[in-house]
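Chains as they are written, first to last, in numbering that gives the first Met the number 0: chain V, 0 to 431; chain P, 0 to 228.
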Amino acid sequence: MSLWISLAWHSAWSRRFALALVTVSVSVSVLILLGVQQLREDARRSFSNALSGVDLIVGPRGSATELMLYSVFQIGRPSRNMGISGYEEIRRMPQVRWAVPIQLGDSYNGHPVLGTTATLFTEFKSQGKGLQWTQGRAFGNPADNSDAMSEVVLGAEVARRFGHRVGDKLVLTHGAGGGPEDTDHDDHPLTIVGILAATGAPIDRTVLVNLEGFEAMHQGWGMGISPKSLKSAAAALPQVANPQDLQPVSLSAVWVGLHNRAEVFSVRRKIESFNRDPLMAVLPGVALDELWQVVKVVENSLVLIGMLVAVSAMLSVAAVLLVAMSGRRKELAILRAMGAAPRALLGFVLLESVLVCLLGIVCGYAVSQLLMWGAQDVLRTGFGVMVQPGLPSGESLVSLAALFSVAVLASLMPAWRAYRLSLMDGLHPPAL
Amino acid sequence: MSKSAIHLRALTHAWTGQPPLFQIEELTVTQGKHLFIQGPSGCGKSTLLSLLAGVQAVQNGVCQVLGQDMAALTAVQRDRLRGEQMGVIFQQFNLLSYLDVQANVLMPTRLFPSRAAASSRAWGSPADQAKALAQALGLAEKMWRQPINQLSVGQQQRVAAVRALMGAPELVIADEPTSALDDARQLEFLDLLLHTAEKQNTSVIMVSHNARLAHRFDQVFEMHAGGHS
Numbered sequence: 000m001s002l003w004i005s006l007a008w009h010s011a012w013s014r015r016f017a018l019a020l021v022t023v024s025v026s027v028s029v030l031i032l033l034g035v036q037q038l039r040e041d042a043r044r045s046f047s048n049a050l051s052g053v054d055l056i057v058g059p060r061g062s063a064t065e066l067m068l069y070s071v072f073q074i075g076r077p078s079r080n081m082g083i084s085g086y087e088e089i090r091r092m093p094q095v096r097w098a099v100p101i102q103l104g105d106s107y108n109g110h111p112v113l114g115t116t117a118t119l120f121t122e123f124k125s126q127g128k129g130l131q132w133t134q135g136r137a138f139g140n141p142a143d144n145s146d147a148m149s150e151v152v153l154g155a156e157v158a159r160r161f162g163h164r165v166g167d168k169l170v171l172t173h174g175a176g177g178g179p180e181d182t183d184h185d186d187h188p189l190t191i192v193g194i195l196a197a198t199g200a201p202i203d204r205t206v207l208v209n210l211e212g213f214e215a216m217h218q219g220w221g222m223g224i225s226p227k228s229l230k231s232a233a234a235a236l237p238q239v240a241n242p243q244d245l246q247p248v249s250l251s252a253v254w255v256g257l258h259n260r261a262e263v264f265s266v267r268r269k270i271e272s273f274n275r276d277p278l279m280a281v282l283p284g285v286a287l288d289e290l291w292q293v294v295k296v297v298e299n300s301l302v303l304i305g306m307l308v309a310v311s312a313m314l315s316v317a318a319v320l321l322v323a324m325s326g327r328r329k330e331l332a333i334l335r336a337m338g339a340a341p342r343a344l345l346g347f348v349l350l351e352s353v354l355v356c357l358l359g360i361v362c363g364y365a366v367s368q369l370l371m372w373g374a375q376d377v378l379r380t381g382f383g384v385m386v387q388p389g390l391p392s393g394e395s396l397v398s399l400a401a402l403f404s405v406a407v408l409a410s411l412m413p414a415w416r417a418y419r420l421s422l423m424d425g426l427h428p429p430a431l
Numbered sequence: 000m001s002k003s004a005i006h007l008r009a010l011t012h013a014w015t016g017q018p019p020l021f022q023i024e025e026l027t028v029t030q031g032k033h034l035f036i037q038g039p040s041g042c043g044k045s046t047l048l049s050l051l052a053g054v055q056a057v058q059n060g061v062c063q064v065l066g067q068d069m070a071a072l073t074a075v076q077r078d079r080l081r082g083e084q085m086g087v088i089f090q091q092f093n094l095l096s097y098l099d100v101q102a103n104v105l106m107p108t109r110l111f112p113s114r115a116a117a118s119s120r121a122w123g124s125p126a127d128q129a130k131a132l133a134q135a136l137g138l139a140e141k142m143w144r145q146p147i148n149q150l151s152v153g154q155q156q157r158v159a160a161v162r163a164l165m166g167a168p169e170l171v172i173a174d175e176p177t178s179a180l181d182d183a184r185q186l187e188f189l190d191l192l193l194h195t196a197e198k199q200n201t202s203v204i205m206v207s208h209n210a211r212l213a214h215r216f217d218q219v220f221e222m223h224a225g226g227h228s
């Protein structure tokens with residue numbers, strides 16, 4: 000057997016340029032197929048892990064998918080807010096263990112700013128783990144200490160990207176920034192008091208401030224216009240507000256954790272029947288499933304395209320080897336003369352094309368993992384997707400097995416041709 | 000009576016729907032003796048060699064090769080007989096271009112352990128026999144590691160002869176092995192081949208259209224197109 004492997008290797012090496020090309024074509028097809036599949040798998044895992052500790056997301060009535068996307072992944076923006084009274088009411092419900100208000104709208108160099116309370120730091124879970132601190136501490140409670148209003152906590156990615164440390168000062172931007180107006184909150188510089196450890200969740204990309212601090216920055220703003228541009232109004236602004244007066248009147252969303260997850264449906268029903276405000280309570284898992292249902296069509300067509308490309312690459316290997324077989328009749332006759340049975344030659348050719356396909360599959364997989372490894376920062380910060388390069392698993396493993404089966408089937412064509420030719424030619428192949 | 004390398008009787012062969020290609024009443028070659036087969040193109044010389052080598056199945060008549068009735072063997076058994084106890088030399092392109100000289104020469108002993116064993120019994124190892132044969136056939140040792148395409152046609156034919164003789168097969172079948180060579184080189188090659196074969200009691204059966212080579216053989220067999228021989 001080892002003799003045949005060595006022979007197949009030498010024979011293939013002598014035709015390495017043609018074979019390298021088909022190997023590359025197999026690699027590219029595998030790269031496409033596995034890339035799509037793995038991104039899909041990793042995206043799903045990252046998205047569902049990002050919210051593993053939250054039982055309900057509450058927001059103004061509307062689209063559940065939208066609520067989840069903007070409140071958790073900071074994708075898109077809320078079109079309406081919910082009243083603060085809803086949050087107070089939820090917090091008082093006996094089944095609710097914790098409730099974290101979420102206020103969105105500002106940004107810091109493109110990173111979303113989350114106005115919330117310190118409860119978030121103790122209750123939020125990502126990948127089943129609580130938040131850890133690399134530096135500093137949570138922001139304080141402005142009710143106890145009015146300085147806490149100008150305290151800010153950074154997600155790992157934000158701190159890394161701008162090289163911020165505890166003690167640094169920064170200025171947030173109203174809205175997403177980039178507009179023609181001067182929309183910086185430079186009248187409210189904030190001090191970094193803590194930096195979170197990386198979690199892989201969208202929180203890594205966010206800047207967290209007190210709800211009261213968030214409100215303080217927006218004192219005097221109306222219709223998205225900075226009070227600085229209204230000179231007379233700016234002069235009339237109180238410089239230090241009383242924290243008790245800075246409770247916001249509305250919120251973007253509320254994250255809710257329950258004592259007992261089994262009560263999630265009854266709590267949801269209760270929240271959605273609050274009289275004052277039409278609210279919606281969303282189970283993150285269910286909302287994600289709805290989102291995947293929408294994305295599925297696109298994903299599936301990508302996977303289908305990947306599969307077709309892969310199959311066509313395998314067929315091209317078979318075609319190239321099939322055509323090459325006519326040029327190898329002499330080689331087959333020499334091996335026949337030395338006593339090799341036609342069946343052995345079938346195996347010999349099969350071995351070669353299977354190895355070519357296998358090499359293509361392995362290279363394609365390796366390149367896909369290298370690319371993911373290289374792009375993992377971009378994928379995490381830009382899309383919130385934590386990729387896990389490494390050995391194949393789950394869906395990828397099934398695809399690899401399927402690809403290999405197709406490779407063996409395609410390889411049977413040139414092998415069968417070799418068998419027929421060696422029977423037909425015997426020791427006398429047609430002169431070349 | 001000494002053993003016969005081949006023994007044919009009333010052997011005929013025909014392509015489907017056509018008259019017999021040849022009919023051989025009787026032909027016997029004693030083990031160790033050499034046979035020269037000559038005849039015009041199309042008289043079935045190559046087909047006869049294919050029958051002797053066991054590549055084609057016998058249709059009619061007796062075809063005994065190295066004591067085996069070829070008609071009674073399966074295709075795989077015939078392949079095995081060829082691999083273990085025969086050597087084959089073609090007119091040209093005998094060698095696998097992607098292997099060097101040494102690897103080509105050692106192929107038969109790598110394919111069949113019995114052949115390697117025979118080689119080791121008489122010469123110590125297949126590599127030693129290969130060296131001895133190469134020397135006998137006038138191949139320099141520095142060629143050993145050369146790729147095939149750097150050799151001249153004459154050198155390639157000698158390498159093919161070394162390969163055919165590896166493991167001391169009882170029979171070497173040669174199909175026009177000299178016709179790609181210059182006239183002057185033909186006899187030289189033939190003498191080296193026959194002489195070396197004799198030393199290990201190998202019978203050589205050779206087909207050629209060049210009748211001037213016939214006198215070097217113990218036996219000459221003439222074939223005629225379509226007819227009796």
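Quick reminder that beta carbons are idealized off the backbone N, C-alpha and C, glycines included.
Exercise. With 9 Å as the limit, tell me which residues of the segment 307-332 of chain V have their beta carbon closer than that to any beta carbon of chain P; keep them in chain order.
Key: K329, E330, A332
Quiz item: How would you call T121(V), buried or exposed, if buried means at least 16 neighbouring beta carbons within 10 angstroms?
Solution: exposed
Quiz item: Which residues, taken in chain order from the segment 401-431 of chain V, show a beta carbon closer than 7 Å to some beta carbon of chain P?
Solution: G425, L426, H427
Exercise. Could you tell me which of H208(P), L186(P), E169(P) sits nearest to T201(P), measuring between CA atoms?
Key: E169(P)
Practice problem: Identify the continuous alpha helix (DSSP H) that holds R81(P) and give its terminal residues. | Solution: 74-84
Quiz item: Hey, V165(V) and L189(V): beta-carbon distance below 8 Å or not?
Solution: no
Quiz item: Cβ of M337(V) less than 8 Å from any chain P Cβ?
Solution: yes
Quiz item: Does the beta carbon of S96(P) come closer than 8 Å to any beta carbon on chain V?
Solution: yes
Quiz item: Three-state secondary structure (DSSP) at W254(V)?
Solution: strand
Practice problem: Please list the partners that A7(V) has in chain P, where partner means a Cβ-to-Cβ separation under 7 Å. | Solution: Those within 7 Å of A7(V) in chain P number zero; the least Cβ separation is about 10 Å.
Practice problem: Spell out whether any CB of chain P is found under 8 Å from the CB atom of S395(V). | Solution: no
Self-check item: Per-residue DSSP class, three states only, for D68(P)
Solution: strand
Quiz prompt | Completely contained alpha helix (DSSP H) runs for the segment 144-214 of chain V, where each covers 4 or more residues | solution = 155-161
Self-check item: Residues within the segment 106-136 of chain P neighbouring chain V, beta-carbon criterion of under 7 Å
Solution: M106, P107, R109, L110, F111
Quiz item: DSSP on Y107(V), reduced to helix/strand/coil?
Solution: strand
Quiz item: Are the beta-carbon atoms of G60(P) and R144(P) separated by less than 8 Å?
Solution: no
Quiz item: What are the partner residues of K124(V), as DSSP defines its beta bridges?
Solution: G129(V)
Quiz prompt | Start-end ranges of the alpha helix (DSSP H) lying completely within the segment 121-152 of chain P, minimum 4 residues | solution = 125-135
Self-check item: Candidates S421(V), P201(V), R275(V): closest to F347(V) by CA position
Solution: S421(V)
Quiz prompt | Neighbourhood of L10(P) by C-beta, 6 Å cutoff - its chain only, sequence neighbours within 5 removed | solution = I23, G60, C62
Practice problem: Kindly indicate if chain V contains any beta-carbon less than 8 Å away from that of F92(P). | Solution: yes
Quiz item: Which residues in the same chain have their Cβ closer than 6 Å to the Cβ of T133(V), if we skip the five residues on either side of it in sequence?
Solution: I194, A196
Quiz item: Thinking just about the alpha-carbon of each residue, which of A129(P), L34(P), L20(P), A70(P) is nearest to the one in V206(P)?
Solution: L34(P)
Quiz item: Interface residues of chain P around W12(V) at Cβ under 9 Å?
Solution: Y97
Quiz prompt | Interface flag, L2(V) vs chain P, CB-CB below 8 Å | solution = yes
Quiz item: Just reading off the alpha helix (DSSP H) that F403(V) is part of, what are its end residues?
Solution: 393-424
Quiz prompt | Closer than 8 Å at the beta carbon, the chain V residues around G82(P) | solution = M337, G338, A339
Self-check item: Backbone secondary structure at P341(V) - three-state DSSP
Solution: helix
Self-check item: Residues bridged to L113(V) [DSSP beta-bridge criterion]
Solution: L207(V)
Quiz item: Which word fits Q134(P), buried or exposed, when buried means at least 16 other C-beta atoms lie within 10 angstroms of its C-beta?
Solution: exposed
Quiz item: What residue from W372(V), A280(V), L354(V), A409(V) has the CA that sits closest to T22(V)'s CA?
Solution: L354(V)
Quiz item: Helix or strand or just coil, what does DSSP make of L10(P)?
Solution: strand
Practice problem: Compute the distance between the beta-carbons of D424(V) and R327(V), then report whether it is under 8 Å. | Solution: no
Quiz item: Name the residues in the segment 41-63 of chain P whose C-beta lies less than 8 Å from a C-beta of chain V; which are they?
Solution: S45, L48, S49, A52, V54, Q55
Quiz item: Can you find a CB in chain B that lies within less than 8 Å of the CB of V87(P)?
Solution: In summary, chain B is missing from the structure at hand, where the protein chains are V and P.
Quiz prompt | Spatial neighbours of Q58(P) in its chain, beta-carbon cut-off 6 Å, leaving aside the 5 residues before and after | solution = H12
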